[in-house]
Each structure stands twice: as structure tokens, then as C-alpha cells.
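In my numbering, the protein residues as written are 60 to 688. The beta carbon of each residue, even a glycine, is placed where N, CA and C say it ideally should be. Computed from a prediction, not measured in an experiment: that's the story for all the values here. This report concerns only the one structure given below.
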């Protein structure tokens with residue numbers, strides 16, 4: 060019952076921003092002197108955590124109550140195969156504990172995130188995780204016992220205990236992996252090895268973020284700029300090419316000096332993944348990772364093949380960037396600097412809310428009524444404050460979703476609002492229409508609702524604008540999303556596939572091998588107009604997603620599905636909206652593939668990726684035309 064822990068942590072959405080590696084979720088790096096303290100933020104601009112618990116004291120009481128429920132679980136040990144009534148009662152307990160854990164986790168984690176310097180709430184999170192680990196251990200007997208129930212006996216349980224029917228989908232999903240579930244003793248042994256298995260990722264995080272030191276980057280006037288993993292992205296976005304080049308060379312040359320350590324970590328990561336996959340009788344680590352969410356391996360391969368067939372469009376994009384920047388040679392330190400220097404005027408938050416509300420008109424009055432409820436009833440923590448976690452996310456609960464923003468008034472932050480409210484309403488509708496055990500949608504579909512909102516907002520803004528400069532800015536924003544979310548993430552996925560295949564073949568991942576393959580992929584994806592140098596060949600050494608066990612391909616598939624759905628909604632109207640809302644309300648009541656099929660998108664086919672990249676090509680045509688005028 061590891062679900063108890065994973066569900067409790069909540070649907071934390073990590074938003075991908077196009078860039079070298081730029082993930083919402085890090086600590087804010089702004090100058091604290093110019094940022095308000097938490098108590099200076101008006102209440103109406105903060106999230107209503109009192110909707111979860113009225114006070115810290117009531118949270119502590121609820122945590123004590125959850126701790127006490129371990130004994131209830133123990134009473135079922137060895138008995139789940141006795142009768143339908145017993146199994147049904149146990150699953151009721153699982154749901155109840157799951158719901159309690161989710162509320163506790165959301166309160167503690169949201170409190171901690173609103174001011175990461177507050178030791179009280181950091182300690183609260185630590186205390187909670189200790190309890191959740193203990194609760195998870197108390198329920199660990201359940202999976203082997205459920206797997207051991209004979210099929211005929213289970214069918215008899217459904218007839219004898221009608222209430223058990225509520226859990227048929229859940230039980231079927233658990234039992235579909237029977238051949239990959241070991242004995243209780245073996246499962247305990249693998250669980251005990253989990254801490255060791257996490258070592259490569261843990262060491263990588265410390266190595267990259269804490270221990271690595273880089274020479275200052277120097278701008279065109281000779282002024283030094285502190286260089287770190289956190290500052291690298293802003294430096295690469297600078298309009299000062301000398302500064303970008305300095306930051307790029309200093310970071311990657313320094314990483315190059317640790318190339319063998321970095322390669323050793325990735326080798327260890329891939330070998331531990333192979334060990335657990337082999338132990339559970341999977342053919343590969345990739346197969347094991349995708350089976351967790353019941354997604355066929357063919358979806359991964361179809362994505363790569365579809366992107367390869369559309370590589371010419373990416374090469375055209377690179378060529379256009381080279382032309383617009385006016386450089387003789389385009390280097391990777393030129394990839395992330397804005398093509399257009401003058402961003403549109405700042406957008407007040409009230410205006411952003413109204414624009415998003417208007418843009419989502421195609422989704423119907425019911426959807427927009429929930430959106431309005433979220434806007435008016437403090438679902439959102441809007442502005443940056445001292446110590447607040449950076450970036451943006453949405454966390455779902457049965458009470459209502461909670462959305463963290465650091466709204467700045469930029470066009471990007473308006474799109475982030477649309478994005479996160481897409482997640483929020485997906486969680487809201489799934490929680491409303493599904494029971495606790497079927498409400499938590501898997502990561503494969505997690506980015507669909509958010510990106511669909513962004514696509515609808517983009518279509519709305521493009522139709523509304525009459526200003527050429529604004530249109531160019533919007534199209535460029537859209538193109539950058541395609542580049543960063545489909546092409547770049549697919550390149551990462553292809554690199555992961557290479558590493559897994561090499562380890563499966565008994566090879567050791569060396570720095571030379573990794574650099575050679577990464578350079579090859581950069582040439583394949585970026586084309587002849589991009590200079591592929593020794594520095595970019597080291598980029599693999601700083602990509603955290605390579606420690607996430609075949610996670611990153613889902614950004615690209617989710618984005619493709621969202622583009623397909625948004626276009627169907629705009630083209631077909633009410634019937635498409637009905638199907639889409641059914642998808643949002645589905646939770647995990649079906650496999651992710653079947654949920655998307657119900658909405659009109661078949662991700663077992665390469666068609667959604669091809670269609671999305673066809674739109675990329677059309678936008679590129681228009682961008683080229685506008686810039687030629």
C-alpha cells in the first residue's frame with residue numbers, strides 16, 4: 060500500500076519551463092530587501108489553509124489520530140483472503156487513511172512552502188513523513204495478500220459482499236502485476252534496499268547543487284557574475300552574449316573536470332534500476348517504469364519516431380533563431396536568450412484572471428464556474444514573499460485544490476496561471492466524481508489539462524491581437540514551448556533509452572560513451588546550423604531528470620495530447636467538451652491510455668505527436684512570414 064504515502068504527498072505539479080534545465084520548485088533567488096514579508100501579503104492574496112485545519116493544534120491532533128490507526132491495519136494482517144467482507148472493510152480503512160494522510164500532508168507542505176525559512180513547518184513536514192513511513196510499513200502486508208487471492212475466490216467475494224464492487228478497478232490494477240510481485244519476505248528485502256537505491260540521486264543532488272563551485276561569469280564590460288546551478292539559466296537568458304558565453308564555458312568546463320564522477324553516478328542509477336526491474340521479472344527498467352502507470356512501451360518509441368519524422372521543423376526553428384540573432388555561428392549559449400527584447404506591458408493579476416476566464420469560454424459555463432470559485436475563494440497563493448518557495452504548482456485535495464504562484468505580471472506568469480488552474484480543475488473534478496482510491500490521476504495524463512488551458516489561452520490571445528509586435532511575441536512564446544517541451548524532452552527520453560539499453564547489454568556507462576551519444580543527439584535534434592561543441596556534450600551531467608526513472612517522456616506526450624484536445628474542442632465544440640470533461644473527471648478509474656481515448660486522443664498512435672508538430676510548422680511559417688515583413 061505504498062499509495063498511502065504517494066497519494067498523501069499530493070498531486071504536486073512541477074512545471075517545466077523551456078530552458079537549459081529550469082524547473083519550478085526551487086527556492087526563490089530574489090533580493091529579500093525588495094520582497095514583502097509574509098505578514099505583509101493581504102489575506103485575499105493567500106491560500107485558505109484553514110479550509111484544511113483551523114490551526115496547527117488541530118493538525119497535531121489529526122496526526123496523532125492517524126498514528127493510532129496503524130493498530131487497525133495490523134488487525135487485518137493474514138486475513139484479507141478470508142472473505143469479501145474482510146477485504147472490503149480493509150479497503151475502506153485504506154481509503155480513510157489515504158484521505159487523512161492527504162489532508163495532513165497538504166497542510167504541512169503548503170505551510171512550509173509559504174516560508175521555507177520557518178523551522179516550525181519544516182519540522183512539521185519531517186514529523187509527518189516519519190508517521191507516513193510508519194503507516195506505510197503497517198500496511199505493507201496487504202499487496203502480497205491481495206495478490207495471493209485466487210481469481211475464483213475473488214469473484215465469489217464480489218458476490219458475497221456487494222460493497223467490494225467499489226474497489227474492482229483498484230484490485231484489478233493491483234493484481235495485473237501479480238507476476239511482478241514477490242513473496243512477502245522478498246518484498247520486505249527490496250523495500251529495505253530502497254534507501255541504498257536512492258543513493259545515486261541523493262549524491263547527484265549534493266554533487267551538483269551543494270559541492271560544485273564555478274568561476275564567476277564575466278560580462279562584456281568585465282563585471283563578474285556569480286555562477287551556480289541556480290543562476291546559470293538567468294545568465295543564459297541575458298542579452299549580453301559575452302556573459303552568456305562565459306557562463307556556458309565556465310559551467311561546462313568545470314563539470315568536465317568531474318566527468319568520471321558524473322558518469323559513475325549515472326551508471327549506478329541505471330544499474331540499480333536494472334536490478335529492481337530484473338528482480339521483479341521485467342525485461343528492462345524502461346518496461347518496469349512504464350508498467351507502473353499501465354502505459355505500453357510502444358508509446359515511448361512512437362514518440363521518438365514521430366519526432367524524428369518532424370525533425371526538419373526543429374532545424375528550421377534553429378535556422379530562424381540564428382538569422383534573427385544575426386550571428387555567424389549559433390552556439391548553445393544562444394539558444395535561450397529572448398529573440399524579442401521588449402516584453403509586453405505588465406499584466407495585473409486581476410486582468411490575468413479575467414483573461415484566463417474569457418479564454419476558457421470554449422470549456423463551458425460549468426468549467427468556468429469552478430474556475431471562478433477558485434479565483435474568488437482563495438485557492439491561490441498569488442505573490443512572492445520572503446522565503447516563499449519559487450515557481451508554481453497545484454496540489455489537489457478533497458477539500459479543494461491549492462495553487463502556489465509567484466505572480467510577476469509577465470506574459471509567462473499569465474500562462475502559468477492558466478496552466479496551474481488546469482491542474483487544479485483536473486484534481487477538483489477527479490476528486491468530485493471518483494472515490495478516494497480512484498481519484499488520483501497518474502503522471503502520464505497530469506500535464507494534459509494544464510497544457511490544454513495554455514493552448515486555449517494562446518488561441519484566444521492570437522485571435523484577439525491586432526498588433527504585429529504582440530502577435531510575434533505570442534507566436535515566439537508558443538514556438539519556444541514546442542521546442543522545449545516536445546523536442547528537447549524527447550531528446551532526453553532518447554538519451555535515457557540509450558543508457559538503459561547499454562546497461563541491459565552489460566556495458567558500463569563511461570564519460571566518453573555518454574559524451575559521444577549526447578553530442579550525436581544534439582546534432583540530430585538541432586541540425587547543421589547549431590555548433591555542437593565539447594561543452595554541450597557534457598550537459599547530461601546536470602540533468603536531474605535522468606534520475607527520475609523514465610519520467611521525462613511524459614512531458615512530450617502530455618503536451619501533444621493537450622494540443623490535440625484543444626484543437627478538437629475549438630473545432631467540434633460541445634461534443635468534444637463533454638468528452639474532455641469526462642476525462643478530467645476520470646481520475647484513475649481507467650488506464651491513462653483509455654482515459655485519453657475517451658477524450659478523443661489515441662496516444663498508442665503517433666498521430667497526436669505528428670498533429671502537434673504540424674501546428675508547430677504552421678506557426679513557424681507565420682513567424683518567418685512576419686519577420687520577413
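- Closest by C-alpha distance to residue 274, out of 287, 532, 280, 404, is 287.
- Residue 589 carries a strand assignment under DSSP once its states are collapsed to helix, strand and coil.
- When C-beta atoms of the stretch 473-481 are compared with those of the stretch 204-212, fewer than three pairs fall below 8 Å, so the two segments do not count as touching.
- The beta carbon of residue 356 lies closer than 6 Å to those of 346, 349 in the same chain, with the five residues before and after it left out.
- Its Cα nearest to that of residue 332, the residue 253 stands out among 253, 409, 667.
- Contact annotation, residue 318 with residue 570: C-beta distance approximately 4 Å; criterion of less than 8 Å satisfied.
- Beta bridge pairing from DSSP links residue 283 with 277.
- Boundaries around residue 207 are those of the alpha helix (DSSP H), 201-207, since no beta strand (DSSP E) includes it.
- DSSP, reduced to helix, strand and coil, places residue 453 within a strand of the structure shown.
- Membership of residue 461 in the beta strand (DSSP E) is indicated by the continuous run 461-463.
- Counted as a single uninterrupted DSSP element, the alpha helix (DSSP H) harbouring residue 503 occupies residues 502-523.
- DSSP, read as helix, strand or coil, puts residue 162 in helix.
- Look at residue 439 here: in three-state DSSP terms it is strand.
- Remark: three or more beta-carbon pairs, one from each stretch, lie closer than 8 Å, so the stretch 572-581 and the stretch 597-609 are flagged as touching.
- DSSP, reduced to helix, strand and coil, places residue 568 outside both helices and strands of the structure shown, so it counts as coil.
- With a cutoff of 8 Å on beta-carbon distance, residue 594 and residue 308 are scored as near each other.
- Counting the other CB atoms within 10 Å of its CB gives residue 344 a total of 16 or more, which places it among the buried residues.
- In summary, residue 255 is exposed, with fewer than 16 beta-carbon neighbours lying within 10 Å of its beta-carbon over all protein chains present.
- Contact annotation: residue 489 and residue 643 have beta-carbon atoms nearer than 8 Å.
- Annotation: the continuous alpha helix (DSSP H) that includes residue 384 extends over 370-384.
- Residue 310 and residue 516 have their C-alpha atoms some 36 Å from each other.
- In the DSSP annotation of this structure, the continuous segment of the alpha helix (DSSP H) that includes residue 679 starts and ends at 666-687.
- The criterion of a C-beta distance shorter than 8 Å is not satisfied by residue 267 and residue 573.
- Bridge pairing for residue 389: 589 [DSSP].
- Distance from the CA atom of residue 492 to the CA atom of residue 645, rounded to whole angstroms, is 7 Å.
- Residue 630 is classed as exposed because its beta carbon has fewer than 16 other beta carbons within 10 Å across all chains shown.
- Leaving aside the five residues that flank residue 175 on each side, the residues in its chain whose CB is nearer than 8 Å to its CB run, in chain order, 86, 181, 446, 447, 448.
- DSSP, read as helix, strand or coil, puts residue 661 in coil.
- Non-local beta-carbon contacts of residue 552 in its own chain, meaning distances under 8 Å to residues more than five positions away in sequence, involve 359, 362, 363, 609, 611, 612, 615 in chain order.
- Taking each of 681, 342, 588, 431 in turn and checking the Cα distance to residue 530, the smallest one comes out for 681.
- For residue 329, the secondary structure class from DSSP, reduced to helix, strand or coil, is helix.
- Residue 594 carries a coil assignment under DSSP once its states are collapsed to helix, strand and coil.
- Taking a contact as a CB-CB distance under 8 Å, the pair residue 618 and residue 671 counts as one, their CB atoms being some 7 Å apart.
- Rounded to the nearest whole angstrom, the CA to CA distance from residue 641 to residue 227 is 20 Å.
- DSSP places residue 154 within a helical segment (H, G or I) once states are collapsed to three.
- Here residue 485 has 508, 643 as same chain residues with Cβ atoms under 6 Å from its own Cβ, once five neighbours each way along the sequence are excluded.
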